[in-house]
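**Student:** Quick note: the sequence shown uses my numbering, first residue -3, plus one each step.
In this text, a Cβ means the ideal position worked out from N, Cα and C, and glycines have one as well.
Submitted below is the structure of interest, expressed as structure tokens.
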Amino acid sequence: MKNLRTIRILLAILFFVAAVAYLCIGPGMRHIVGVSERVQIIPSVIATCIGATAFWLLATFALGRVYCSTVCPIGTLQDIALRVRRHIPWMKPLRFRYKPALQIRYHIAAIYLICLILGLVGIPYLIEPWNIMRNIAASIRPSAVEMTWGTLWVGAATGIVAGIVSLLLILVSGFLFGRDFCNTVCPIGTGLGLLHQSNLMHIEINPDRCTGCLKCEEICRASCIKVTGRLVDNSRCVRCFDCIKVCDEEAIRLQSNRNRAATPLLRRKART
Ligand code: SF4
Ligand code: SF4
Ligand code: SF4
């Protein structure tokens, strides 16, 4: 089970490097690493690539938001910022705490969807993760966004400015708050999270094994674990699997069944 984390980190590195190479290096590498765009959710939906779209639907139904922990470059950028933070010796260790879900994520997702339907692509260009990545890449290779922003008659400079501002915001957000951007702003994350009730596999805490040490809650970059209630909000879990790694009791796992407190004593404890 702990190997899941290693596999997901390796996949994230692979797809991130491929995405940067695809967007920044240019046509020479396009055929080799173009797969990094074809496996992104929104580009595959827009290109009506049924294979990739069906794959992500099935993968999300089966495992939850694995797209967010492996393939999405903006998720990986936030993770890089968080990792840098954790290795700065003079900084106070970052200990996350459970945060309630914010309803604004649904409003942002609704605005995004309405804009897409009406063809008002300015907002999708700014908040959809693959477009954010394209804008960021534009600061190195402006032609990466020329066509995109050209459709709005504003030119590549807008994409470059948007990319630099986005990069700073994403890095600062990841550095300070983990995956708050993913669970507040990103419409793709919100959409994938809506499927969590149907997921085959969930992150669950076994109350019979859990000692309440808080290690999993403190390391959860999505701030979606509430140890006092033995609760994991799977709609916001980005499947980083850090919680599984830090738990010495093997009390938190990716599993198919939902856990319930096993004894009246534990049920009372779980409600506190
Ligand atoms: S929530 Fe959005 S930005 Fe975050 S990893 Fe998922 S798709 Fe990427
Ligand atoms: S790390 Fe394990 S034992 Fe500690 S609070 Fe989390 S689930 Fe319980
Ligand atoms: S619950 Fe938190 S730490 Fe555990 S896999 Fe999900 S996001 Fe990662």
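Answer with buried or exposed for Val67, where buried requires no fewer than 16 other C-beta atoms within 10 angstroms of its C-beta.
**Tutor:** Numbered from 1 along the sequence shown, position 71 holds the residue referred to as residue 67. Val67 is buried by the Cβ-count criterion.
**Student:** Who are Leu165's beta bridge partners in DSSP?
**Tutor:** The residue labelled residue 165 in the question sits at position 169 within the sequence shown. Answer is none; Leu165 lacks a bridge partner.
**Student:** Shorter than 8 Å, the distance from the beta carbon of Ile184 to the closest heavy atom of ligand 3, or not?
**Tutor:** The residue given as residue 184 occupies position 188 in the sequence shown. For ligand 3, not one heavy atom lies less than 8 Å from the Cβ of Ile184.
**Student:** Measuring CA to CA, which of Cys220, Ser139, Ser252 is closest to Cys20?
**Tutor:** Along the sequence shown, one-based indexing puts residue 20 at 24. When each option's Cα is compared against that of Cys20, the closest is Ser139.
**Student:** Would you say the beta carbon of Ile166 is closer than 8 Å to some non-hydrogen atom of ligand 3?
**Tutor:** Within the sequence shown, the letter at position 170 stands for residue 166. Every heavy atom of ligand 3 is 8 Å or more from the Cβ of Ile166, so no.
**Student:** Report the CB separation of Met129 from Ile70 in whole angstroms; it is logged as a contact under 8 Å.
**Tutor:** As a working note, residue 129 is residue 133 in the sequence shown. As a working note, residue 70 is residue 74 in the sequence shown. Right, their Cβ atoms sit about 6 Å apart.
**Student:** Please confirm whether Asn255 and Arg217 have their CB atoms less than 9 Å apart.
**Tutor:** Position 259 of the sequence shown holds residue 255. Position 221 of the sequence shown holds residue 217. No, Cβ-Cβ distance for Asn255 and Arg217 is not below 9 Å.
**Student:** Which runs of the beta strand (DSSP E) fall wholly inside the segment 209 to 266 and span at least 3 residues, in chain order?
**Tutor:** 248 to 251
**Student:** Rounding to the nearest angstrom, what Cα-Cα distance links Cys243 and Gly60 in this structure?
**Tutor:** For the purposes of this step, residue 243 is taken as residue 247 along the sequence shown, with counting starting at 1. For the purposes of this step, residue 60 is taken as residue 64 along the sequence shown, with counting starting at 1. Going by the C-alpha atoms only, they are around 20 Å apart.
**Student:** How would you call His198, buried or exposed, if buried means at least 16 neighbouring beta carbons within 10 angstroms?
**Tutor:** By 1-based counting over the sequence shown, the position of residue 198 is 202. By the neighbour-count rule (16 or more Cβ atoms within 10 Å), His198 is buried.
**Student:** Arg205: beta carbon under 8 Å from a heavy atom of ligand 2?
**Tutor:** Counted from its first residue, the sequence shown places residue 205 at position 209. Yes, since a heavy atom of ligand 2 falls inside the 8 Å radius drawn around the Cβ of Arg205.
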